[in-house]
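A quick write-up on the structure given underneath.
Protein chains in written order, with the numbering used here: chain H, 78 to 485; chain U, 78 to 485.
The following block contains the structure:
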């Protein structure tokens, strides 16, 4: 399949407008805190959500709206600065927010999906939305992706946008996305906040299936700190304006769509990991030679989640014993005795472990390799044909600093 | 049961000598790196071990010696500075070490148990043991607990010793212990390194059962960084010199023994958590009102394991949303909606959450409470009578510093 990365983020596909404004949920007036994404026409919609028992009120409301509209939607509204979680009136506020967007844009409230991110357990009032929603609606534009991406950031230091274009049933088709996520990142069957649009034509059922497949291979393989958030959510809208034959079953078109969607999600996964709270390095761990994909995923995620390994990467210390240790406590059944490990970066590649025992290597060369911003950990289990990747970041002084006093 | 904490550590019970020397495994000559603990007479013995797939060679050797001797032993030898893990000749070195102790003390090699802690994947030679074992044997004394405790330390900043005395079948009986552990601490069904002695008379089978019960409630509830070590091991020797009627079944004496053993292990758990790598604060989380003990343990351990909560405690930030978040992703089935949370310390107590929602509280008072060295997190699930505790520490700049360059 021929596929290219392109500009435009969440507005890259046909028929999507977006906006981001400051409405007053955050005290800092220079920081946008409300994003609005709207499709010109009705779109098939799907979502995956956190598995945390504590769930933000917006998750309940988004799920119930998707059910009420049989998997179709027109708009997504998202605030930052307050997670609307563990609030007694959380569902009420989330419903009122959707109703506000609906009345402003003349849509039924059920066609509006809602998300929140920020501090847990802090009261949220509808007032800032009463000011912000009409303002955002007035600013909606086909070039609004960046503003929306900025408005959903919390401790993120860079905005996360991406888009691809490809052919689907002979028609040019696009997938665009924005995401946020920097701490409390250890998605479990769902993810951080990620909003995706496409002009592909696809049924809600196939869209849900495609989203789950793509997220399992990408965003669910990111970990910053082992903490699964209460508000993780990935939503996708598919408005069909590309004019491709509707994807309503598995087949070549569905496979191409999943490939493109996965590429978008992998790109966001890497952006999120690289911008992990306090991170100075992106860690990419690829496990191959595994008996099955689940084992490969579990092992890769265990390695990039290890606090000890993450701290060693911050220090540029090729302490591969910590990789073996993290592989060993991963919740998977396999033979660890054939393990091969290499570390690489733009500065070179060094093989450090074979058959789960030390290989002689140059510490100076390893130190040079580990000075780079993007480190690859290559693991071969030598017992099958399955592989998977996971993405993380180093553990630094700044992670501690950022989280030592997040609320102030 | 009447029980008192007492001095003497691992030599507090009758008939145990210990020693600690520098034999050359560590470069720093002022740091002891070899410990020896010997019972005057044959002792029932039991152990629990790491569940990591990668296991230090000493674990295989200790298990096989305990099996060969039907659960009896005379001595424990332990080195620090090298984990003897992921070494091609690791089992050979561990066997040779036991043989050396055996020939020096005129014991069969099978009555010697062996443990190691330190860097993974670094070659280990028998030479330092050839020098160190005879030297340690010559220094064995009934006052040697402190030297042994010092010799098993790695990144620990303080030695961990404790002992209790109590009556068993009318006879004064003691349990003493030493332990090490500061990083790579997230025991799974076993623990860090912990050596326990007692002069109680008890069969190997009942000793094993008692050890597992005590460790599950104490050392297995400690987490420093979520990393389960490859070398975790807790060993106990019971030489019967207290003269109590042999405990060979459940009953009042067994219950008293388990209570005393648990008290010893809880004391060590707290010492280990307080000395977590880089820690400035001990976190004690007690979960009550749980439907069963397993749920209480899982929830308590999840809270003290959360990087975000640990960083908030370092910063003295009463961010209770992170407690709820960590409770929510704990692998347990329960109703989180009735959750009550309070934070306390020597400086006071503040209730922060009821029915999983915010309670109004004074931030100044909370800040004062969180300035103390020992913080208690009190959680009530309000759905049963079971409770459990877990112990951890804050996440600090120094944790990152210590682990950024451990090997140098």
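Here a beta-carbon is modelled for each residue, glycine too, at the ideal position from N, C-alpha and C.
Only a predicted model underlies this, so the values are computations on that prediction, with no experimental measurement involved.
What in chain U is Cβ-close to residue i, meaning under 7 angstroms?
| i | result |
| --- | --- |
| residue 391(H) | 477 and 481 |
| residue 405(H) | 129, 130, 131 and 307 |
| residue 74(H) | Residue 74(H) lies beyond the residue range present for chain H, which begins at 78 and ends at 485; the question has no answer from this structure. |
| residue 461(H) | Near residue 461(H) there are no residues of chain U at all, since even the closest Cβ is about 16 angstroms away, more than 7 angstroms. |
| residue 397(H) | 198 |
| residue 452(H) | None at all; the shortest Cβ gap to chain U is about 14 angstroms. |
| residue 383(H) | 304 |
Please compile the residues from chain U whose C-beta is within a distance smaller than 8 angstroms of the C-beta of residue i.
| i | result |
| --- | --- |
| residue 402(H) | 129, 131, 197, 261, 304, 305, 306 and 307 |
Shortest alpha-carbon distance to residue i belongs to which of the options?
| i | options | result |
| --- | --- | --- |
| residue 431(H) | 424(H), 192(H), 118(H) and 420(H) | 420(H) |
| residue 461(H) | 412(H), 470(H), 240(H) and 481(H) | 412(H) |
| residue 102(U) | 416(U), 204(U), 350(U) and 392(U) | 204(U) |
| residue 449(U) | 390(U), 433(U) and 477(U) | 390(U) |
| residue 213(U) | 198(U), 255(U) and 112(U) | 112(U) |
| residue 473(U) | 293(U), 356(U) and 286(U) | 356(U) |
| residue 275(U) | 248(U), 261(U) and 301(U) | 248(U) |
| residue 210(H) | 224(H), 177(H), 186(H) and 193(H) | 177(H) |
| residue 85(H) | 376(H), 97(H), 311(H) and 220(H) | 220(H) |
| residue 146(U) | 184(U), 459(U) and 292(U) | 184(U) |
| residue 476(H) | 441(U), 425(U) and 386(U) | 386(U) |
| residue 409(H) | 438(H), 377(H) and 273(H) | 377(H) |
| residue 148(H) | 454(H), 282(H) and 442(H) | 282(H) |
| residue 358(U) | 427(U), 347(U) and 368(U) | 347(U) |
| residue 157(H) | 110(H), 171(H) and 181(H) | 110(H) |
| residue 375(H) | 466(H), 287(H) and 397(H) | 466(H) |
Would you say residue i faces chain C, with C-beta separation under 8 angstroms as the test?
| i | result |
| --- | --- |
| residue 117(U) | As a matter of chain content, chain C is missing from the structure shown, whose protein chains are H and U. |
With a CB to CB cut of under 8 angstroms and the five nearest residues on each side skipped, what residues in its chain are close to residue i?
| i | result |
| --- | --- |
| residue 323(H) | 278, 279, 280 and 317 |
| residue 140(H) | 124 and 126 |
| residue 208(U) | 100 and 101 |
From which residue to which residue does the alpha helix (DSSP H) around residue i run?
| i | result |
| --- | --- |
| residue 143(U) | 134-145 |
| residue 405(U) | 398-405 |
| residue 197(U) | Here residue 197(U) belongs to no alpha helix (DSSP H), and DSSP marks it neither H nor E. |
| residue 230(U) | It is not in any alpha helix (DSSP H) - residue 230(U) carries neither H nor E in the DSSP assignment. |
| residue 374(U) | 370-382 |
| residue 480(H) | 474-481 |
| residue 210(U) | 204-216 |
| residue 179(U) | 167-182 |
CB-CB under 6 angstroms to residue i, same chain, minus the five flanking residues each way: which ones, in chain order?
| i | result |
| --- | --- |
| residue 266(H) | A caution first: residue 266(H) carries a pLDDT of 46, below 50, which makes its placement in the model unreliable, though a value can still be read off. Correct list, in chain order: 128. |
| residue 257(U) | 229, 230, 233 and 270 |
| residue 236(U) | 226 and 227 |
| residue 215(H) | none |
| residue 294(H) | 339 |
| residue 51(U) | For chain U, the structure presents residues 78 to 485; residue 51(U) sits outside this window and is missing. |
Under DSSP, the beta strand (DSSP E) around residue i begins and ends at which residues?
| i | result |
| --- | --- |
| residue 117(U) | 111-126 |
| residue 273(U) | 270-275 |
| residue 430(U) | 425-431 |
| residue 334(U) | Note, residue 334(U): premise wrong, no beta strand (DSSP E); alpha helix (DSSP H) at 329-351. |
| residue 281(H) | First-last for residue 281(H): 281-294, but that is the alpha helix (DSSP H), not the beta strand (DSSP E). |
| residue 100(U) | No beta strand (DSSP E) holds residue 100(U); DSSP gives it neither H nor E. |
| residue 81(U) | 80-82 |
Just checking my contact of residue i with residue j at CB under 8 angstroms: how many whole Å lie between their CB atoms?
| i | j | result |
| --- | --- | --- |
| residue 313(U) | residue 123(U) | 5 angstroms |
| residue 138(H) | residue 175(H) | 7 angstroms |
| residue 301(U) | residue 353(U) | 4 angstroms |
| residue 457(U) | residue 260(U) | Contact doesn't hold; Cβ gap of about 32 angstroms is too wide. |
| residue 190(H) | residue 159(H) | Contact flag wrong, Cβ pair sits at about 18 angstroms. |
| residue 337(H) | residue 80(H) | 6 angstroms |
| residue 299(U) | residue 373(U) | That belief does not hold up - the Cβ atoms of residue 299(U) and residue 373(U) are roughly 15 angstroms apart, past 8 angstroms. |
Name, please, each residue of chain H whose Cβ falls closer than 9 angstroms to the Cβ of residue i.
| i | result |
| --- | --- |
| residue 224(U) | Here the premise fails: no neighbours, minimum Cβ distance about 28 angstroms. |
| residue 254(U) | In chain order: nothing, as chain H lies at least about 25 angstroms away. |
Within the same chain, show all residues whose beta-carbon is closer than 7 angstroms to that of residue i, passing over the 5 residues directly before and after it, in chain order.
| i | result |
| --- | --- |
| residue 405(H) | 413 |
| residue 246(U) | 321, 322 and 330 |
| residue 106(U) | 99 |
| residue 89(U) | 83, 240, 251 and 253 |
| residue 182(U) | 115, 152 and 214 |
Just the chain H side, please: which residues come within less than 8 angstroms of residue i by C-beta, in chain order?
| i | result |
| --- | --- |
| residue 473(U) | 477 |
| residue 171(U) | By Cβ distance, chain H contributes nothing, its closest Cβ being about 15 angstroms from residue 171(U), past 8 angstroms. |
List the residues of chain U whose Cβ lies closer than 9 angstroms to the Cβ of residue i, in chain order.
| i | result |
| --- | --- |
| residue 413(H) | 130 and 131 |
| residue 356(H) | The contacting residues do not exist; residue 356(H) stays about 12 angstroms from chain U at best. |
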